[in-house]
Amino acid sequence: MRRPAPGTLAWGGLSLALIGITPFRDADWLFYLCLLGSLAAASLALAGGRSLAGIFLGSVTVTFASMLAVPWVLRGLKALRDNGKSHRKVRVAKPVLLSAALLVVFVPLLASADAAFADLLGSITPDVDGDFTVRWFLLFVLVAIGMAGASLVIASGPELPDEPRKPSRLSIMEWAMPVGILVLLFTAFAAVQFTVLFGGADYVLHTADVTSAQYARGGFWQLVAVTVLTLGVVAAAARWAPRRTSAERTWLRGLLGSLSLLVLVIVASALSRMWTYQQAYGFTVLRLSVEAFELWLGLLYVLVLVAGVRLEARWLPRAIVGSGLAGLFLFALVNPERVVAEHNVDRYEQTKKVDVDYLSRLSADAVPVLLRLPVEHRCAMTGALERLDDRSWQSWNLSRATALPRVTGLRAECSTRY
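Below, the structure written as structure tokens:
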């Protein structure tokens with residue numbers, strides 16, 4: 016059997032890391048993000064991909080293969096039957112049926128003989144009703160189809176467009192003029208940002224006639240959009256700019272390097288604005304998430320600068336996606352809802368301002384920190400308390416298990432205050 020390639024091991028490790036962090040966190044939105052990231056990494060581990068198009072297709076190959084997997088499995092079963100190998104199914108079916116029959120006989124007898132054993136069975140056996148049956152049946156079907164799709168990808172070995180296309184041949188003027196104009200524009204903007212970041216904030220805010228929080232909020236999303244759109248400009252220039260001569264390569268390195276450095280100033284400005292806004296109005300999960308996203312965009316420009324040193328970027332698409340998935344894992348690892356709760360509680364201790372309604376919507380991840388609030392605000396965790404009512408094994412995670420013993424008796428206290 017051939018040893019897995021290093022890329023396969025890396026994608027597989029990312030997939031396991033992303034799905035492995037979910038039992039430690041209680042936030043639903045974070046669970047689904049990690050699940051999607053884990054599925055994409057697992058698909059890349061099976062299908063591969065090197066170019067940007069290959070990476071994109073590789074991340075969804077298993078999903079699309081799952082749509083074709085059922086006919087493929089049926090054809091395989093038919094081939095086994097036609098080859099006279101149906102006795103294998105009988106050999107599997109007989110022990111399964113016999114095991115089920117033994118469990119049906121002995122489990123009720125043992126449960127009725129000992130109350131502790133009956134309680135153990137009751138704790139691990141879900142309450143079966145119509146909704147439960149339908150939900151778990153659909154989950155079983157989806158997982159089975161997904162596994163069949165993964166098997167189809169392994170068996171077929173799809174060919175992905177992994178060879179980068181050869182760049183077209185433009186003159187320096189055709190691409191350098193628009194990029195150069197953008198560099199000049201960003202230089203002027205960066206000069207203004209340096210005055211704000213390094214001592215000229217009062218002058219700028221007085222000139223603009225806005226508060227610091229309004230100034231921060233007013234430009235953050237526009238700067239994020241500029242950061243994303245400029246990535247497209249860099250990608251287009253790297254794709255179509257000529258690099259046959261030393262002069263052409265120098266122009267390419269100089270303009271794209273300058274553009275990337277200036278965008279890093281814009282990234283710093285965006286992060287500074289959001290930090291100022293959060294200091295004024297408090298931290299939220301959305302604000303923290305977009306900050307993390309902007310940091311990742313800044314990392315992408317650093318990778319572009321590294322690729323520009325030798326004008327070699329065949330590794331860049333994998334680095335972009337890999338850094339994004341690794342960043343998602345680190346984001347989950349730092350426990351974003353707990354971080355948000357910590358900053359809001361710290362802000363309350365300094366300013367006596369707190370958004371109890373928002374904190375009440377946080378998950379059990381934030382409960383240990385919210386216990387630092389005074390008695391009159393401790394009911395900010397009522398939303399998490401409601402989630403703790405579900406104590407089935409399917410809903411278990413470390414955050415819930417940690418929070419549950421800390422909130423004993425808190426519900427009665429909160430009912431008298433809110």
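Quick note: the sequence shown uses the working numbering, first residue 16, plus one each step.
Every residue, glycine too, gets a C-beta built ideally from N, C-alpha and C.
C-alpha gap between residue i and residue j, whole angstroms
i                : j                 : result
valine 324       : proline 86        : 49 Å
glycine 73       : glutamate 391     : 53 Å
phenylalanine 71 : leucine 419       : 42 Å
valine 349       : phenylalanine 298 : 15 Å
proline 193      : alanine 341       : 34 Å
glycine 27       : alanine 57        : 6 Å
alanine 130      : leucine 118       : 18 Å
alanine 191      : leucine 61        : 40 Å
leucine 331      : glycine 272       : 15 Å
alanine 165      : proline 110       : 27 Å
tyrosine 47      : alanine 252       : 35 Å
proline 21       : alanine 295       : 47 Å
serine 101       : leucine 167       : Only weak support is given to the placement of serine 101: the predicted model assigns it a pLDDT of 47, under 50, and the question is left unresolved by the model.
alanine 55       : serine 186        : 39 Å
arginine 415     : isoleucine 36     : 14 Å
alanine 32       : leucine 24        : 12 Å
alanine 6        : threonine 265     : Look at the range of the chain in this structure, 16 to 433, and you will see that residue 6 is not part of it.
alanine 42       : arginine 259      : 52 Å
Sequence-distant residues of its chain with Cβ nearer than 8 Å to residue i (five each side left out)
i                 : result
proline 38        : Trp411, Asn412 and Leu413
phenylalanine 132 : Leu125 and Ala126
aspartate 370     : Gly297 and Asn359
isoleucine 34     : Cys49, Leu50 and Ser53
glutamine 208     : Val280, Ile281, Ala283 and Ser284
7 Å CB neighbourhood of residue i in its chain, flanking five on each side removed
i              : result
methionine 188 : none
glycine 195    : Leu270
valine 384     : Arg353, Ala356, Glu357 and Val360
isoleucine 160 : Ser81, Ala84 and Val85
leucine 320    : Gly272 and Ser275
arginine 421   : Val382, Pro383 and Leu386
leucine 343    : Leu33, Leu48, Cys49 and Gly52
Of the residues the options, the one placed nearest residue i, counting alpha carbons only
i                 : options                           : result
valine 156        : Ser81, Leu276, Asn350 and Cys49   : Ser81
valine 158        : Ala334, Leu175, Ser186 and Thr78  : Thr78
isoleucine 281    : Phe201, Glu327 and Ala256         : Phe201
tryptophan 44     : Arg387, Leu326, Leu301 and Val249 : Leu301
glutamine 365     : Arg268, Leu388, Asp372 and Leu238 : Leu388
phenylalanine 235 : Ala283, Glu174, Ile36 and Leu113  : Ala283
serine 304        : Arg393, Ala170, Val243 and Met289 : Met289
Same chain, Cβ closer than 6 Å to residue i, five either side skipped, listed in chain order
i             : result
leucine 310   : none
valine 336    : Ile70
threonine 245 : Val278
alanine 381   : Glu352, Arg353 and Ala356
As assigned by DSSP and simplified to three states, the class of residue i
i                 : result
valine 186        : The identity of residue 186 in the sequence shown is serine, whereas the question assumes valine. If DSSP states are grouped into helix, strand and coil, serine 186 belongs with coil.
isoleucine 36     : coil
valine 378        : Here the sequence assigns serine to residue 378, which means valine is not the residue at that position. Note: serine 378 maps to coil in three-state DSSP.
lysine 367        : coil
phenylalanine 298 : coil
tryptophan 236    : helix
serine 66         : coil
aspartate 43      : helix
Short CB-CB distance (under 8 Å) between residue i and chain B
i          : result
glycine 22 : Protein chain content of the structure displayed is limited to a single chain, and chain B is not contained in it.
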